[in-house]
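Working notes, structure below.
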Amino acid sequence: PGNDSEKENRSKRRRASSLGSGFIIDSSGLIVTNNHVIDEADEISIVLSDNSILKAEIIGRDPKVDLALLKVKTDKPLPSISWGNSDEMRVGDWSVAIGNPFGIGVTVTAGIISARSRRLNNGSAYDDFIQTDAAINRGNSGGPLINMQGEVIGVNTAIFSPTGASVGIGFASPSNLAKSVIEDLKEFGRTRRGWLGVKIQTVDKDVADSLGLEDVSGALVAEVMRDSPAEISGIQSGDVILKFDGKKISEMRELPLIVAETDIDKTVKVDIWRDGKNKILNVEIGELEEEILTSDADSSTKKSKSVNNQEIKSLGITVVELNPQIREKYQLPEEVETGLLILEVDPESDASEKGIRRGEVIVEIQQKEVKTVEDVLSNISTARNKKRSTVLLRIQTGNGFRLVPIKINEE
1306 PGNDSEKENR SKRRRASSLG SGFIIDSSGL IVTNNHVIDE ADEISIVLSD
1356 NSILKAEIIG RDPKVDLALL KVKTDKPLPS ISWGNSDEMR VGDWSVAIGN
1406 PFGIGVTVTA GIISARSRRL NNGSAYDDFI QTDAAINRGN SGGPLINMQG
1456 EVIGVNTAIF SPTGASVGIG FASPSNLAKS VIEDLKEFGR TRRGWLGVKI
1506 QTVDKDVADS LGLEDVSGAL VAEVMRDSPA EISGIQSGDV ILKFDGKKIS
1556 EMRELPLIVA ETDIDKTVKV DIWRDGKNKI LNVEIGELEE EILTSDADSS
1606 TKKSKSVNNQ EIKSLGITVV ELNPQIREKY QLPEEVETGL LILEVDPESD
1656 ASEKGIRRGE VIVEIQQKEV KTVEDVLSNI STARNKKRST VLLRIQTGNG
1706 FRLVPIKINE E
C-alpha cells in the first residue's frame, strides 16, 4: 500500500528488458543482431552458450533493414560463423534457424526456403526477405538462418502469425544484403547507400500503352530531385528506367534495392525509355543522405491574360490556364508556376477512377510541357495518330508530382 505519488515513483523506476538472439561474425567479438532487439537500450548484455555474460556496445545500427552491429570485450578469441551467399539459395533448399525463443535457451529448428524476395509492406523501400518454414518465435529475432554448409544465409527478422507463435511463415534478411550493411557499420558506424535522386511509380498496362512500351516492366520516373545524380545525368520525369548497371528492372520495387547496393561514386549505365525509343545514360551514383526526401522542380513562369474554363471531353476534365488572377483566386502556392488547373472531373471518367481531383495542376502530357488548352489538345491528337489509347499526365499536387495514365475518350 501507499499513496499515488509513491506508486507513480515506483512505476517510473520500473525497468523493462528485451530478449533476442545474435551471432558472432568475428572472433574479436563482433556480433550481429536485429536493431529492434537493442533499440533504445540503456545497457546490453550478451549471454554466450557457456552462460558467460559480457557487456556490449553498439558499433552501428540500421533501422531501415533492422540490423545492428555490437562489440564485446573478450580476453580470448570467440567462435565465429561465416557468411554464405543468399543469392545461391533456391526455393526448396534446407535451412536451419538458431536462436533463443521465449528465452528458454539455444534452440535449433529446420525447414526449407519457402520463397525469396518477399515484401512485408512495412513502409521500407528495402524490403527483400527470405521466407522459411523453419520455426521462428519471439526471441529468435537477430539469430542466424544457415544453410547445410553451416554458413549464414539470413538474419531472422520477423514472423507472420495470427497467434504470436510460429505458424511456419518466418522471414530473414538475406545475407548478401546484411553483409554489405554490416561492413558499412563496422567501417563507418552507419550505412552508406547509393543515391539516384528520383521518385518512381509502377509501370502498369495503361502506362506502358501511353508510352508505347511493349513490356509492362521498369520503373516510371515521376519526379527528379534537384542537383541529384539523376538530374545531372539527364534523366527526366516520364522516363522509364528499364535497366540499371546491366540489371533488368522487372518491377519498380527492384530499383531502390539495386541503387542502394551500388558503390558510391561509381558510374553506371542506365537504360531508359523516352519518346518511344531506348536511350542509355551514364550516371555517377551519389550517397543517400537521410534528409534528402523531396525536391521542387524548376519551370518557367507563365504570364498570360485571363481565359475561360474549357472542358476537355476526351479526358473527362475541365481546366483553366494559369495566370496571376487564377493563381490568386484559387490560392495556389508559389511553386505551382505553370500548367492547367483542374476545375472539374467527370465522375464517370477514367480520370476520376485514377484519383485525379479538382485543384490539381496538369504540367505535362506525354512528357511534353503544357501551358495552354491548345497544348493539351495537340498532345492528345498526336497520341491518337500514334494509335495510343492512353496518355500520360504529370500532375502537380500539394505533395509533389505524380504520373497518371488516362484513357482517351471518343469524342
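Per our numbering, the very first residue in the sequence shown carries number 1306; after that it's consecutive.
Every residue gets a Cβ at the ideal spot worked out from N, C-alpha and C, and that includes glycine.
These figures come from a predicted structure and were not determined experimentally.
field: Own chain residues within Cβ distance below 8 Å of R1424, not counting five before or after
entry: Numbered from its first residue, the sequence shown carries residue 1424 at position 119. Around R1424: D1432, D1433, F1434, R1558.
- request: Would you mind reading off the limits of the alpha helix (DSSP H) that contains Q1630?
  value: Indexing the sequence shown from 1 puts residue 1630 at position 325. Segment 1629 to 1634, the alpha helix (DSSP H) holding Q1630.
query: For V1668, which option in E1626, E1658, D1655, E1633 has the closest C-alpha, if you only look at C-alpha atoms?
result: By one-based count along the sequence shown, residue 1668 stands at place 363. Measuring from the Cα of V1668, the nearest candidate turns out to be E1626.
- prompt: If you check the beta carbons only, do L1359 and L1335 fall under 8 Å apart?
  reply: For the purposes of this step, residue 1359 is taken as the residue at position 54 of the sequence shown. For the purposes of this step, residue 1335 is taken as the residue at position 30 of the sequence shown. Contact: no.
query: Using DSSP with H/G/I as helix, E/B as strand and the rest coil, what is I1577?
result: In the sequence shown, residue 1577 corresponds to position 272, counting from 1. Residue state, collapsed to three classes: strand.
message: Only counting the same chain, and skipping five residues up and downstream in sequence, which positions put a Cβ closer than 6 Å to that of D1544?
response: One-based indexing of the sequence shown puts residue 1544 at position 239. Same-chain partners within the cutoff: V1526, I1577, R1579.
message: Once DSSP output is grouped into helix, strand and coil, what is the label at P1638?
response: Along the sequence shown, read from residue 1 onward, the residue named residue 1638 stands at position 333. Of the three classes helix, strand and coil, the one that applies to P1638 here is coil, per DSSP.
query: Given 8 Å as the limit, is there contact between the stretch 1440 to 1460 and the stretch 1392 to 1405, that is, 3 or more CB pairs closer than that?
result: yes
C-alpha distance - N1339 paired with L1593, whole-angstrom precision: Here residue 1339 corresponds to residue number 34 of the sequence shown, with the count starting at 1. Here residue 1593 corresponds to residue number 288 of the sequence shown, with the count starting at 1. For N1339 and L1593, the distance between alpha carbons rounds to 22 Å.
query: Can you check whether the CB of G1389 is closer than 8 Å to the CB of E1488?
result: For the purposes of this step, residue 1488 is identified with residue 183 of the sequence shown, where counting begins at 1. For the purposes of this step, residue 1389 is identified with residue 84 of the sequence shown, where counting begins at 1. Their beta carbons are not under 8 Å apart, which means E1488 does not touch G1389 by this criterion.
Where T1414 falls, given that 16 or more other Cβ within 10 Å makes a residue buried: As a working mapping, residue 1414 is identified with position 109 in the sequence shown. Label assigned to T1414: buried.
field: Element boundaries [alpha helix (DSSP H), containing S1694]
entry: Looking up residue 1694 in the sequence shown gives position 389. No alpha helix (DSSP H) contains S1694, which DSSP labels as neither H nor E.
- prompt: From what residue to what residue does the beta strand (DSSP E) around A1656 run?
  reply: Here residue 1656 refers to the residue found at position 351 when the sequence shown is read from its first residue. Here A1656 belongs to no beta strand (DSSP E); instead the alpha helix (DSSP H) covers 1655 to 1658.
task: Give the single residue among V1503, I1330, Q1454 whose Cα lies nearest to the Cα of S1538.
output: Taking the first residue of the sequence shown as 1, we reach residue 1538 at position 233. Of the listed residues, the one whose Cα sits closest to S1538 is V1503.
message: Helix, strand or coil for N1452? Go by DSSP, reduced to three states.
response: Your numbering for residue 1452 matches position 147 in the sequence shown. Residue state, collapsed to three classes: coil.
- request: Indicate the three-state DSSP secondary structure (helix, strand or coil) for V1342 in the structure shown.
  value: Here residue 1342 refers to the residue found at position 37 when the sequence shown is read from its first residue. Correct three-state label for V1342: helix.
message: Tell me whether E1674, by its Cβ, gets closer than 7 Å to a heavy atom of the ligand HEM.
response: With respect to the ligand HEM, the structure offers nothing, as it holds no ligand at all.
- request: Just the C-alpha distance for I1458 and A1346, rounded to the nearest angstrom, thanks.
  value: For the purposes of this step, residue 1458 is taken as residue 153 along the sequence shown, with counting starting at 1. For the purposes of this step, residue 1346 is taken as residue 41 along the sequence shown, with counting starting at 1. Going by the C-alpha atoms only, they are around 27 Å apart.
message: Less than 7 Å between C-beta atoms, sequence neighbours within five positions excluded: which residues of the same chain meet that for D1655?
response: For the purposes of this step, residue 1655 is taken as the residue at position 350 of the sequence shown. So the list reads G1621, I1711, K1712, once near-sequence residues are dropped.
message: Taking the straight line between their C-alpha atoms, what separation do you get for G1699 and R1707?
response: Locating residue 1699 in the sequence shown gives position 394, where the first residue counts as 1. Locating residue 1707 in the sequence shown gives position 402, where the first residue counts as 1. The identity of residue 1699 in the sequence shown is Arg, whereas the question assumes Gly. Rounded to the nearest angstrom, the two C-alpha atoms are 6 Å apart.
- prompt: Which partner residues does S1478 have in the DSSP bridge list?
  reply: On the sequence shown, position 173 is the one that residue 1478 refers to. The partner list for S1478 (beta bridge, DSSP) reads V1460.
- prompt: Who are the near neighbours of V1696 in its chain, counting only those whose CB is closer than 8 Å to its CB and skipping five residues on each side?
  reply: The sequence position of residue 1696 within the sequence shown is 391, counting from 1. Excluding sequence neighbours, V1696 sits near S1515, L1620, I1670, Q1671, N1684, I1685, A1688, P1710, I1711, I1713.
Proximal residues to N1452 (C-beta, below 6 Å), its chain only, five neighbours per side dropped: Indexing the sequence shown from 1 puts residue 1452 at position 147. These residues qualify, in order along the chain: G1389, I1458.
query: What number of angstroms, rounded off, separates the C-alpha of V1472 from the C-alpha of L1324?
result: As a working mapping, residue 1472 is identified with position 167 in the sequence shown. As a working mapping, residue 1324 is identified with position 19 in the sequence shown. Using only the alpha carbons, I get a separation of about 21 Å.
- request: Indicate whether T1572 and E1556 have their beta-carbon atoms separated by less than 8 Å.
  value: In the sequence shown, counting from the first residue as 1, residue 1572 sits at position 267. In the sequence shown, counting from the first residue as 1, residue 1556 sits at position 251. No, Cβ-Cβ distance for T1572 and E1556 is not below 8 Å.
task: Determine the contact status of L1518 and V1460, defining contact as a CB-CB distance below 8 Å.
output: Position 213 of the sequence shown, counted from the first residue, corresponds to residue 1518. Position 155 of the sequence shown, counted from the first residue, corresponds to residue 1460. No. Outside cutoff.
task: Would you identify the three-state DSSP class for D1331, choosing helix, strand or coil?
output: Locating residue 1331 in the sequence shown gives position 26, where the first residue counts as 1. Looking at D1331 - three-state DSSP - the assignment turns out to be strand.
message: Taking the straight line between their C-alpha atoms, what separation do you get for D1511 and V1529?
response: On the sequence shown, position 206 is the one that residue 1511 refers to. On the sequence shown, position 224 is the one that residue 1529 refers to. Looking at the two C-alpha atoms, the distance is approximately 22 Å.
query: Would G1365 pass as a contact of G1494 if the rule is Cβ separation under 8 Å?
result: On the sequence shown, residue 1365 is found 60 positions in, with the first residue counted as 1. On the sequence shown, residue 1494 is found 189 positions in, with the first residue counted as 1. Contact flag set, yes.
task: Could you check how far apart the C-beta atoms of E1665 and I1647 are, in whole angstroms? I think they sit under 8 Å.
output: The residue labelled residue 1665 in the question sits at position 360 within the sequence shown. The residue labelled residue 1647 in the question sits at position 342 within the sequence shown. The pair is a contact, with the Cβ atoms about 5 Å apart (cut-off 8 Å).
Closest by C-alpha distance to V1650, when choosing among Q1615, D1398, L1562: Residue 1650 sits at position 345 when you count from the first residue of the sequence shown. The candidate whose alpha carbon is nearest that of V1650 is Q1615.
- request: With a 10 Å radius around its C-beta and 16 neighbouring C-beta atoms as the bar for buried, classify G1408 as buried or exposed.
  value: Taking the sequence shown and counting its residues from 1, one reaches residue 1408 at position 103. With fewer than 16 other Cβ atoms within 10 Å, it is exposed.
- prompt: Who are the Cβ neighbours of K1673 in its own chain at under 8 Å, not counting the five residues just before and after it?
  reply: Against the sequence shown, residue 1673 aligns to sequence position 368. Closer than 8 Å at the Cβ level, and outside the excluded window around K1673, lie D1680, N1684.
field: Counted within 10 angstroms of its Cβ, other Cβ atoms place D1438 as buried (16 or more) or exposed
entry: Mapped onto the sequence shown, residue 1438 falls at position 133. Buried, since its Cβ has 16 or more Cβ neighbours within 10 Å.
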